[in-house]
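Enquirer: Chains as they are written, first to last, in the working numbering: chain A, 1 to 319; chain B, 320 to 739. Note that the Cβ used here is the ideal one computed from N, Cα and C, for glycine as well. Fair warning: this is a prediction, and the values are worked out from it, not measured in the lab. Pasting a structure below so you can have a look.
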Amino acid sequence: MTTMTRGPEALAPPAPAPAGKRRGRWVTITLFLLPALVLFLLLVVAPILVAVYSSVFKWNGFGGLPRDFIGLDNFTRLFKADIFTKDLWHFTVLVLLSVFVQLPFSLAIAMLLNQRIRGRALYRLVFFAPYVLSEVITGVLFSLILAPDGGMANALLSVFGIDSEFLANPDTVMPSLFLVMTWKYFGFHMMIYLAGRQNIPNELIEAAQIDGATAWKTFRYVTLPLLGPTIRISVFLSVIYSVQLFDLIWILTEGGPSHSSETMAVTMFEFGFKRSQVGYASAISVVMFTLSLVFALVYQRVVMRRDVEGAITSMGDQR
Amino acid sequence: MATAVLVAGCGSGGQTAAPQESKAGAAPAKVTLEWWHLSTAEPLKTLWAQRANDYMALHPNVTIKATVLENDAYKAKLTTLTQSGKAPDIFASWGGGVLKQQIDAGLVKDISGDVSSVLGTFTPAALSAYQLDGKTYGLPTDIGLVGFWYNKKLFTKAGITTPPASWSEFLNDVKKLKTAGVTPIALAGKEKWPGHYYWAYLAMRIAGLPALQQAGVDHDFTKPDFVTAGQQLKALVDLQPFQKGFLGAGYGTPSGQAATMGNGKAAMELMGQWAPAVEKDSGKGLGDDLGFFPFPAVEGGKGAITEAFGGGGGLAVGADAPAEAVDFVKFMTQMDQHTKAVAAGGVLPVLKGEESAVKDPNLKVVATQLAAATGYQLYLDQAYPPAVGQQVNDSVAELIAGTKTPEQVGADISEVAKSE
């Protein structure tokens with residue numbers, strides 16, 4: 001019976017729904033989308049447009065809309081500014097350190113805490129706890145710990161004869177900042193990796209072990225490739241975080257000493273809120289936005305292509 | 320990304336619009352006054368709160384909501400709010416270029432008419448920062464000057480008997496203090512405004528007050544005298560006179576400039592009239608060991624030691640504020656009330672005949688200096704438009720950190736001043 005009715009017409013696309021029914025569906029979709037759409041337009045799209053608009057004006061932020069149109073002058077001034085070059089350099093340093101030091105460290109801890117060891121849950125909790133703290137509290141906490149005179153860090157390190165100025169020295173400020181960032185965020189990445197690791201069926205690991213693979217080879221050729229999507233996501237989050245890094249730096253150093261720890265977001269704040277050059281600050285924010293957008297698109301297209309395709313295929317299966 | 324705009328949006332939400340009910344009815348309409356100030360240290364913190372309570376007791380229809388923020392946070396938050404086109408009903412202001420920008424944007428109320436009856440009670444020096452083009456935009460609550468606060472005990476330890484009166488003596492004393500194993504100067508290098516005092520004073524002493532004021536007009540800070548000022552500051556920095564880790568130190572924080580000084584860990588700080596209060600607030604305070612001397616004269620310089628640099632504080636009124644706001648500002652500066660703040664050592668006299676209320680011997684020195692001052696310069700980061708003022712702070716900070724030369728400092732400030 002069934003084979004009889006399965007003619008060619010069964011493979012043809014379903015006949016379009018009657019016009020009235022289709023319109024009803026659109027009304028429903030619109031109604032459901034509307035609240036989110038309004039919020040998105042108002043809080044995301046509109047500010048972006050306003051920032052882009054004011055970035056081509058010389059404007060101190062006062063008195064209605066900007067009027068003094070100066071074209072791309074804000075941008076040429078920005079690209080020529082020493083501080084902006086420094087910002088980009090600090091951004092690059094932080095990204096490289098994050099990707100090549102912080103993330104491998106988190107991965108190692110995650111692998112360790114995936115073993116059956118005593119107090120595993122406690123360790124996970126303790127390592128994740130810093131992530132829950134707000135950036136400001138972290139900042140205040142570490143400005144006390146890292147105080148050059150009478151801070152806890154120096155008191156402890158004096159045992160080894162080390163005495164550092166940490167955040168108060170242009171040469172040590174970036175490593176110190178990175179240390180604080182790592183303290184705060186490695187637990188988060190550790191959690192992502194742990195979750196990713198638990199999605200890998202143990203059979204695969206066991207099969208590798210039965211085949212005689214060493215622990216390192218099992219990790220290198222089974223676990224690591226299968227963790228690929230997770231790692232790619234965590235790199236992505238790291239980079240985006242580095243672009244907009246502000247709170248922690250503002251509390252700890254205000255970008256100093258002498259701009260040696262300044263980021264784009266700090267520069268933007270400095271010009272927008274302390275110097276009343278809102279047009280110029282908007283130009284900085286537009287550059288930050290473009291940087292993030294281009295990075296996100298390229299990264300998704302190139303690096304995460306397989307992951308994204310996988311998501312779409314599996315979604316297709318669900319249907 | 321568009322955070323600038325977003326944050327600005329949030330700032331405006333912070334201020335609840337003051338009720339605008341008409342006062343035609345018999346019972347006075349309920350009014351809420353937003354009052355922003357930055358007196359975070361005692362005794363003013365308590366005194367000002369007390370003043371607000373007293374006023375509310377006298378005027379039951381008025382509620383005063385005070386927002387009290389520390390210096391840098393205050394400036395940033397006020398800028399955010401004013402850029403969104405609003406101002407608090409009553410807000411602390413230093414006057415000068417920053418106030419002028421707010422006035423130009425139509426955010427500040429011209430209170431000339433309302434306060435004409437009391438204007439005569441103020442000293443002209445205190446009032447001058449709040450008067451522009453013959454109009455009055457605020458009333459002063461404090462006026463003072465910046466000078467060196469020093470630890471007498473540590474000076475004696477280093478064998479210094481009298482405070483230095485000339486710059487070369489000063490540099491010599493710094494060396495003596497270092498030899499005696501004492502940190503000569505406490506400085507908040509993370510916050511840039513305390514550092515700019517050094518450059519400003521040196522510029523006043525070397526180039527002279529008229530030259531500094533002229534530079535504000537013709538935007539030229541590259542003149543040889545300004546470069547010399549930078550070189551002299553560099554000569555001081557080269558002696559390494561500051562406390563360990565000063566580049567990361569805040570001002571009022573637990574291990575900051577005021578605490579270092581107040582705990583007797585440094586011999587001097589260059590600071591305004593509020594210094595003793597903050598030293599006591601963030602550290603132990605020095606009590607009788609604390610002394611004051613004016614910024615020394617520089618040999619061969621065009622400025623005199625009697626010329627003062629500093630500022631005070633005052634209250635301005637938002638353009639849309641209800642009439643009660645002006646009334647409160649007048650209440651704050653009434654003789655019998657204001658004198659209490661003077662007597663407590665929180666502020667210096669702004670009213671004629673208030674001098675006798677100054678009890679603290681050090682503040683008396685400041686008040687006397689001020690009364691005898693032959694010239695007066697407002698803080699550069701308040702006198703100039705914000706972009707120029709911040710560039711002064713920033714460039715001087717770079718000079719102190721050793722990343723910019725005295726020539727570059729002048730050139731950088733001039734470049735920003737010309738573009739404004």
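Quick one: Cα of Ala395/B to Cα of Trp355/B, how far?
Expert: Straight-line Cα distance between these residues: approximately 12 Å.
Enquirer: Let me know the beta strand (DSSP E) ranges lying completely inside the stretch 35-93 of chain A, each 3 residues or longer, listed in chain order.
Expert: Those beta strand (DSSP E) runs which fall completely within the stretch 35-93 of chain A and span 3+ residues do not exist here.
Enquirer: Shorter than 8 Å from the beta carbon of Phe40/A to some beta carbon of chain B?
Expert: No, Phe40/A lies away from the interface with chain B (no Cβ there is under 8 Å from its Cβ).
Enquirer: Given this structure, state the Cα-to-Cα distance separating Val546/B from Val266/A, to the nearest angstrom.
Expert: Near 29 Å, if we compare the C-alpha coordinates of Val266/A and Val546/B.
Enquirer: Would Met580/B pass as a contact of Arg370/B if the rule is Cβ separation under 8 Å?
Expert: No, they are not a contact pair.
Enquirer: Closer than 8 Å, CB to CB, is Asn74/A near chain B or not?
Expert: Not one chain B Cβ lies under 8 Å of Asn74/A.
Enquirer: Shortest alpha-carbon distance to Pro170/A belongs to which of Ala736/B, Gln727/B and Glu717/B?
Expert: Nearest of Ala736/B, Gln727/B and Glu717/B to Pro170/A, Cα basis: Glu717/B.
Enquirer: Give the DSSP-derived three-state secondary structure of Val666/B in the structure shown.
Expert: Here Val666/B sits in coil by DSSP.
Enquirer: Could you list which residues in chain B have their beta carbon closer than 7 Å to that of Gln277/A, in chain order?
Expert: Residues of chain B passing the Cβ test: Ala706.
Enquirer: Residues in the same chain with beta-carbon distance under 6 Å from Ala46/A, minus the five sequence neighbours each way, listed in chain order, please.
Expert: Hits under 6 Å: none found.
Enquirer: With a Cβ-Cβ cutoff of 8 Å, do Phe91/A and Thr290/A count as a contact?
Expert: Against a cut-off of 8 Å, the Cβ pair of Thr290/A and Phe91/A comes out as no contact.
Enquirer: Taking all protein chains shown into account, do 16 or more other C-beta atoms lie within 10 angstroms of the C-beta of Gly7/A, making it buried, or fewer, making it exposed?
Expert: Here Gly7/A scores only 46 on pLDDT, less than 50, and its place in the model is too uncertain to base an answer on.
Enquirer: Taking only beta-carbon atoms, is Ser386/A less than 8 Å away from chain B?
Expert: The structure shown does not extend to residue 386/A, since chain A is modelled only from 1 to 319, so the question has no answer here.
Enquirer: Going by DSSP in three states, Glu717/B sits in which element: helix, strand or coil?
Expert: The answer is helix: DSSP assigns Glu717/B an H, G or I state.
Enquirer: Could you please give me the residues that DSSP links to Asp461/B through a beta bridge?
Expert: Gly632/B, per the DSSP bridge assignment.
Enquirer: Please report whether the beta-carbon of Thr322/B lies at a distance below 8 Å from any beta-carbon of chain A.
Expert: Residue confidence for Thr322/B is low, a pLDDT of 38 falling below 50, so the modelled location carries little weight; the figure read from the coordinates is stated next. Cβ-Cβ to chain A under 8 Å: yes for Thr322/B.
Enquirer: With a cut-off of 8 Å, does the C-beta of Ala175/A fall near any C-beta of chain B?
Expert: Per the sequence shown, the amino acid found at residue 175/A is Pro instead of Ala. Pro175/A does not count as touching chain B.
Enquirer: Which whole-angstrom value is the C-beta distance of Pro573/B and Asp679/B, which I expect to be below 8 Å?
Expert: No, Pro573/B and Asp679/B are not in contact; Cβ-Cβ is about 25 Å, not under 8 Å.
Enquirer: Answer with buried or exposed for Thr30/A, where buried requires no fewer than 16 other C-beta atoms within 10 angstroms of its C-beta.
Expert: Burial call: exposed.
Enquirer: Could you tell me whether the stretch 129-148 of chain A touches the stretch 202-218 of chain A, where touching means 3 or more Cβ pairs closer than 8 Å?
Expert: Cβ pair count under 8 Å is below three, so no.
Enquirer: Along chain A, in chain order, which residues have C-beta atoms closer than 9 Å to that of Lys394/B?
Expert: Neighbours of Lys394/B on chain A, chain order: Phe273 and Lys274.
Enquirer: Quick one: which chain B residues come within Cβ less than 9 Å of Phe62/A?
Expert: The answer, in chain order, is Thr401, Gln402, Gly404, Gln420, Gln421, Asp423, Ala424, Gly425 and Leu426.
Enquirer: Assuming Gly151/A contacts Leu144/A (C-beta within less than 8 Å), just tell me the rounded distance between them.
Expert: Their Cβ separation, rounded to whole angstroms, is 7 Å, which keeps Gly151/A and Leu144/A in contact under 8 Å.
Enquirer: Relative to the C-alpha of Val222/A, which candidate in Leu125/A, Val99/A and Pro201/A has its C-alpha closest?
Expert: Of the candidates Leu125/A, Val99/A and Pro201/A, the one whose C-alpha sits nearest the C-alpha of Val222/A is Pro201/A.
Enquirer: Can the beta-carbon of Ser738/B be found less than 8 Å from the beta-carbon of Val728/B?
Expert: It is not a contact, given that the beta carbons lie outside the stated cut-off.
Enquirer: Comparing C-alpha positions only, which one of Leu179/A, Lys274/A and Glu206/A sits nearest to Gln701/B?
Expert: For Gln701/B, the nearest C-alpha among the options comes from Lys274/A.
Enquirer: Given this structure, state the Cα-to-Cα distance separating Lys86/A from Thr365/B, to the nearest angstrom.
Expert: Spanning the two alpha carbons is a distance of roughly 44 Å.
Enquirer: Kindly list, in the order they appear in chain A, the residues whose Cβ is closer than 9 Å to that of Gly567/B.
Expert: Those are Ser143, Leu146, Ala147, Pro148, Glu165, Phe166, Leu167, Ala168, Asn169, Val173, Leu252, Thr253, Gly256 and Pro257, listed as they occur along chain A.
Enquirer: Say whether the stretch 614-628 of chain B touches the stretch 682-699 of chain B, bearing in mind that this needs 3 or more beta-carbon pairs closer than 8 Å, one atom from each stretch.
Expert: Judged by Cβ distances under 8 Å, the stretch 614-628 of chain B makes contact with the stretch 682-699 of chain B, as three or more pairs qualify.
Enquirer: Taking just the CA atoms, how far does Leu122/A sit from Leu146/A?
Expert: Their Cα atoms are separated by approximately 27 Å.
Enquirer: Can you tell me whether Trp89/A is buried or exposed? The criterion is at least 16 other CB atoms within 10 Å of its CB, across all chains shown.
Expert: The residue is exposed, with fewer than 16 neighbouring Cβ atoms inside 10 Å.
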